[in-house]
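Numbering-wise, the sequence shown is residues 196 to 281 according to this note's numbering.
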Amino acid sequence: MGVKAAQPYVDLHRCRVFALGRMGVKAEDKSVQDAVDFLTNSQSNEGSWAVKGTKQAAGNRVTETASYWGTCWVVIGLMEILNNEP
Numbered sequence: 196m197g198v199k200a201a202q203p204y205v206d207l208h209r210c211r212v213f214a215l216g217r218m219g220v221k222a223e224d225k226s227v228q229d230a231v232d233f234l235t236n237s238q239s240n241e242g243s244w245a246v247k248g249t250k251q252a253a254g255n256r257v258t259e260t261a262s263y264w265g266t267c268w269v270v271i272g273l274m275e276i277l278n279n280e281p
């Protein structure tokens, strides 16, 4: 699946971007920029993010399904920020 090594904080930053976006925080805010910088730097060449699975069988490894879910939530979070722009 061509993803970078597991990024432990992808979930934290995607939640942060989503929450800040829902609160109406603008894209130029430092908190948003820090989260976006992390997400941009941890994104794989194909555009997804490596996310560890939550099921016991995943054994704390990056899984394809978790990465798809995580990537979708990153995009949703980023769109929340864009919705705050004129």
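Backbone N, C-alpha and C define an ideal beta-carbon position, used for all residues, glycine too.
Delimiting residues of the alpha helix (DSSP H) encompassing residue i
i	result
THR249	Here THR249 belongs to no alpha helix (DSSP H), and DSSP marks it neither H nor E.
THR258	No alpha helix (DSSP H) holds THR258; DSSP gives it neither H nor E.
SER237	225-237
Assigned exposure category for residue i - 16 Cβ within 10 Å defines buried
i	result
THR266	buried
ALA253	exposed
ARG256	exposed
Among the options, the one whose alpha carbon lies nearest that of residue i
i	options	result
GLN228	GLN251, ARG209, TRP268	ARG209
SER262	ASP232, ASP224, ALA214, GLN238	GLN238
VAL246	THR235, ASN236, THR260, ALA214	THR260
ASP206	GLU280, THR249, ASN278	THR249
Residue i and residue j closer than 8 Å at C-beta
i	j	result
GLY272	GLY219	no
VAL212	TRP244	no
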